[in-house]
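Structure, as structure tokens:
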Amino acid sequence: MSAIDTLWEYVAVAVGLLVILGGLAVGLLRGRGGKTKELPPSARRDGSSDGTGTGSGGTTTLDRETSAPTDTLPPPAERTEPREETLPPPPVRPTIETPDAPVGRLKRLRARLARSNTALGKGLLALLSGGRLDEAAWEEVEDTLLAADLGVEATTELVDRLRTKVAVEGSTDEATVKGWLRGELLTLVDPSLDRSIASSRVDGRPAVILVVGVNGTGKTTTVGKLARVLVAEDKDVVLGAADTFRAAAADQLQTWGERVGVATIRSDREGADPAAVAFDAVKGATEMEADVVLIDTAGRLHNKVGLMDELGKVKRVIEKQSPIDEVLLVLDATTGQNGLRQAEVFGDVVGVTGIVLTKLDGTAKGGIVVAVQRQLGVPVKLVGLGEGPDDLAPFDPEAFVDAILD
Ligand code: GDP
């Protein structure tokens, strides 16, 4: 073998070795690249994958942490962003509250009522048991009752009856006078009126309660508080947010509902047709087999004709599907005669079946209870005595009169 042949043999062996080494290197590189491709997107989003194979563990944790299905994750372009900035916050589940039992609430809250109506009760007692009752004293009694918004008719009736009693019995000692006053005030408030609220299923469908009133009277708050009263009575309640004029009203109502585990049917669009929302609420409550659906409505008074047309439509549209069992008119007790005029207008359009008097804690005008019942011919069924969630009480005539006189 020549020296040239030996040299060629060496060259051939060296080339062979280079080819083998090159092949091995390419194979190794491919292996690493393949692993990266297989990593799940979520693992790459949080940067937990470093190509060492721990990526799949990261995916599991991430999915569990967010409870979001993988197919809802953003496209690959966003995946390099840090997790804290891209993931939505975990949903906050509100704690379900247990509302106070409604029975006897007015008794428990009587201090609120008494505080604002002490002037009425104490003033009357002082005048009537103060010895000789001359004309000036009777006039003062009248003025006190009128100032408490009892209304002219009821005031005249009450003073006439008391004058007769004093003339016949001839006594003005405080205990006797208090007894008379209690009896006469109770007669005016009328304990015989049916103050129950239609909140049980009727003929296999939910009871429908429409809540109306001028904005600012406490209407939405009252719907929220009433939901609590009904939940405390073990009713299945659904709320309908048909006050679509004020965007915040639906949120406000939903929050009230969530606190006691009650669903709210609403539109997310400001200015949506309130009649359509009311219709959907009744439909939803029927499908959910609820006991009762409470429908909040808008109460813009700047355009009275428009408001009344709208309410009339809400009523008609609901009635295509179900009768309305209760129409509650919310009135702010501090607005006095103005509130009474509003009440008449609503009464004409939607046929009010019960009054809710709010803000009785902030007024000495408790006589409005009597005046509004007389004017509308419908009973006060609930009274608002504060801003707390359970400060709405079923109206109890005895507790009310006692709170004024004690
Ligand atoms: P809406 O516009 O008629 O729906 O009125 P809201 O429900 O938004 O209530 C208006 C304000 O009245 C809120 O600040 C309520 O907390 C307040 N409010 C409602 N009811 C009562 C009540 O009985 N007493 C007091 N003091 N405030 C009340």
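Basically the numbering used here = 1-based index in the sequence shown + 181. Built from N, CA and C at the ideal position, the CB exists for glycine as well. Since this is a predicted model, take the numbers as computed values, not measurements.
Asked	Found
For threonine 403, the first and last residue of its enclosing alpha helix (DSSP H)	400–413
Below-8 angstroms beta-carbon distance, glycine 532 vs any chain B residue	Among the chains in the structure shown there is no chain B, since it carries only a single protein chain.
Rounded separation between leucine 563 and leucine 475 - CA only	15 angstroms
Alpha-carbon to alpha-carbon, alanine 318 and arginine 447	57 angstroms
Whole-Å CB distance - valine 412 paired with valine 441, under 8 angstroms assumed	5 angstroms
Local Cβ density within 10 Å of glutamine 518, reported as buried at 16 or more and exposed below that	exposed
Contact test: alanine 430 Cβ vs ligand 1 heavy atom, cutoff 7 angstroms	yes
Which residues DSSP lists as bridging glycine 364, in chain order	None, per the DSSP bridge assignment.
Where valine 495 falls: helix, strand or coil (DSSP)	helix
Own chain residues within Cβ distance below 8 angstroms of valine 495, not counting five before or after	Leu391, Ala423, Pro455, Ala456, Ala459, Ile476, Thr478
Span of the beta strand (DSSP E) around aspartate 513	507–513
Near ligand 1: glycine 487 beta-carbon under 7 angstroms from a heavy atom	no
N-terminal and C-terminal residue of the beta strand (DSSP E) that lysine 562 is part of	561–565
Burial state of serine 503 (16 or more Cβ within 10 Å)	buried
DSSP-derived helix/strand/coil call for proline 504	coil
Closer than 7 angstroms: lysine 400 CB and nearest ligand 1 heavy atom	yes
Three-state secondary structure assigned by DSSP to proline 578	helix
CB-CB length for leucine 434 against threonine 403, believed under 8 angstroms	Actually they are not in contact, since the Cβ atoms of leucine 434 and threonine 403 sit about 11 angstroms apart, beyond 8 angstroms.
Counted within 10 angstroms of its Cβ, other Cβ atoms place proline 372 as buried (16 or more) or exposed	exposed
Residue of Val531, Thr398, Asp281 minimising C-alpha distance to isoleucine 505	Val531
CB-CB length for arginine 293 against glycine 567, believed under 8 angstroms	6 angstroms
Where glycine 543 falls: helix, strand or coil (DSSP)	helix
Glycine 520 vs asparagine 396 beta-carbon contact at 8 angstroms	no
CB contact flag (glycine 399, glycine 565, <8 angstroms)	yes
Proximity test, leucine 475 beta-carbon vs ligand 1 heavy atom, cut-off 7 angstroms	no
Same chain, Cβ closer than 6 angstroms to alanine 428, neighbours up to 5 away in sequence not counted	Glu451
First and last residue of the uninterrupted alpha helix (DSSP H) at aspartate 432	428–440
Residue span of the alpha helix (DSSP H) that contains leucine 374, given as start and end	Note, leucine 374: premise wrong, no alpha helix (DSSP H); not H, not E.
Pick from Val537, Gly302, Val347 that is closest to leucine 327, judged by C-alpha positions	Gly302
Paired residues, beta bridge with arginine 386 - DSSP	Val383
Counterpart residues of leucine 420 in DSSP-defined beta bridges	Thr445, Leu475
Contact under 8 angstroms by Cβ, leucine 510 with valine 393	yes
Proximity test, glycine 517 beta-carbon vs ligand 1 heavy atom, cut-off 7 angstroms	no
DSSP state of glutamate 190 mapped onto helix, strand, coil	helix
Rounded straight-line distance, which links the Cα of valine 410 to that of phenylalanine 364	The sequence given here places glycine at residue 364; phenylalanine does not occur at that position. Distance between the alpha carbons of glycine 364 and valine 410: 30 angstroms.
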